[in-house]
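Q:
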Amino acid sequence: MTTPISSTKAERVLVGDCVEQLEPRIHEIGKNMYERLFELVPSARAAFKGSDMFRQRKFTNLLITFRNVNSLDKMGLAFSEMGKRHRNYHRQFQNFMGPMRQALLETLGAELGEAFTPELATAWEHVYDDIAAMMVEAAPPAAMERRRSESRSLWTGPERRESWSLRDDDNLLSDVGGEEMIRQVHQAFYDRLFEDPWVGQFFYGKSKEVLVRKQTQFMVGAFGGPHVYRGDTPAIVHMNMFITDELASIRERYLRHAILSQGLSESIADRWQAVDRLYRPSIVKQSVDDCVVTCFGQFAVEAKKPADYQEPEDIRADSSGDKEKSAA
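To convert, count from 1 in the sequence shown and add 6; that's this note's numbering.
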């Protein structure tokens, strides 16, 4: 990261503490923030298109990210990836960063009243400016596309464009069969991941029950349901893990197998994975040096590929149709 940081440690602590206090009211704050943004810049609707539910999910993920700004100096890569994703939403997204800053500060002021002191307002201004600068510094679209095309394990251009067009698939929750079906899929998914001799290394010491619950909450929100997930965004959760393109592709094949194993259709699997793949660029890294360690005692997690590693035959079999479609 080359962007200088203007906020102080004390200011970042203030913002992090403020976010924790605001979390119970996050949906109302998001609604009010977007209403104010569209008043300031009506053309912003083109950049923030999609349903109200979709925008609420994006705002929730953004605001929760501010909870982690205590380690802002180590999070440049995560915010750079966020900037690249926003460039996919709108090529000139940076033009809306200023109005969004104003809309957010005004909304926070109205929500907090006298508690939104000049000191806290200044802290939010400085932290927002730091994050905005990191996002805008992200590689231009051409460079991003070159990086994504370096590995043939990534999805094709047409499939990627289809994935972005499905980011607002708010009917998916009901079409899948509701939250319980999503939980069953994730139970089958993590059962297999924990057993895998390569991918499973990322789960040493982790609670499968907790992972199933959190992933289910996250995807329920991503599929158009209520956003009750209160964990960190995928970029933050995985920023100390060296996840390669190959590992990400293996994970995707396990996910597809889990979806189909619960009796869901190929079409549902396609739509589920289109949403899931939106988060892939934020977790895949080119080298272990891209991993970010934010606290004492944390370390970069690198899974060593066993010399005799082979994917299970049933996993590859269930993904064969998906791969053929990607190659078409």
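Built from N, CA and C at the ideal position, the CB exists for glycine as well.
Would you please state the rounded distance, in angstroms, between the beta carbons of Phe195 and Leu261? I believe it to be under 8 Å.
A: Confirmed, Cβ separation roughly 6 Å.
Q: Where does the unbroken alpha helix (DSSP H) through Met140 begin, and where does it stop?
A: 124-142
Q: Quick check: Phe102 and Leu114, are their CB atoms within less than 7 Å of each other?
A: no
Q: So is Ser49 buried or exposed if we call it buried at 16+ other beta carbons inside 10 Å?
A: exposed
Q: Use the C-beta contact count for Tyr235: other C-beta atoms within 10 angstroms, 16 or more gives buried, fewer gives exposed.
A: buried
Q: Of the residues Gly104, Arg73, Ile188, Thr71, which one's Cα is nearest the Cα of Gly269?
A: Ile188
Q: Give me, in chain order, the residues of the same chain whose beta-carbon lies closer than 6 Å to that of Glu131; leave out the 5 immediate sequence neighbours on both sides.
A: none
Q: So Lys291 and Ile249 are in contact, right, with Cβ under 8 Å, and what is the actual spacing, rounded?
A: 6 Å
Q: Would Val205 and Met245 be called neighbours here (beta carbons separated by less than 7 Å)?
A: no
Q: Ordered along the chain, which non-local residues of its own chain (more than five positions away) have a Cβ less than 6 Å from that of Leu20?
A: Leu126, Ala129
Q: Under 8 Å Cβ to Cβ from Glu17, same chain only, skipping five residues before and after it: list those, please.
A: Thr128, Ala129, His132, Val133
Q: Just reading off the alpha helix (DSSP H) that Gln221 is part of, what are its end residues?
A: 214-228
Q: Can you tell me whether Ser255 is buried or exposed? The criterion is at least 16 other CB atoms within 10 Å of its CB, across all chains shown.
A: buried
Q: Per DSSP, what kind of secondary structure is Val234 in: helix, strand or coil?
A: coil
Q: Is Gly211 near the ligand FMN, with its Cβ less than 6 Å from a heavy atom?
A: The ligand FMN is absent from the structure shown, which contains no ligand whatsoever.
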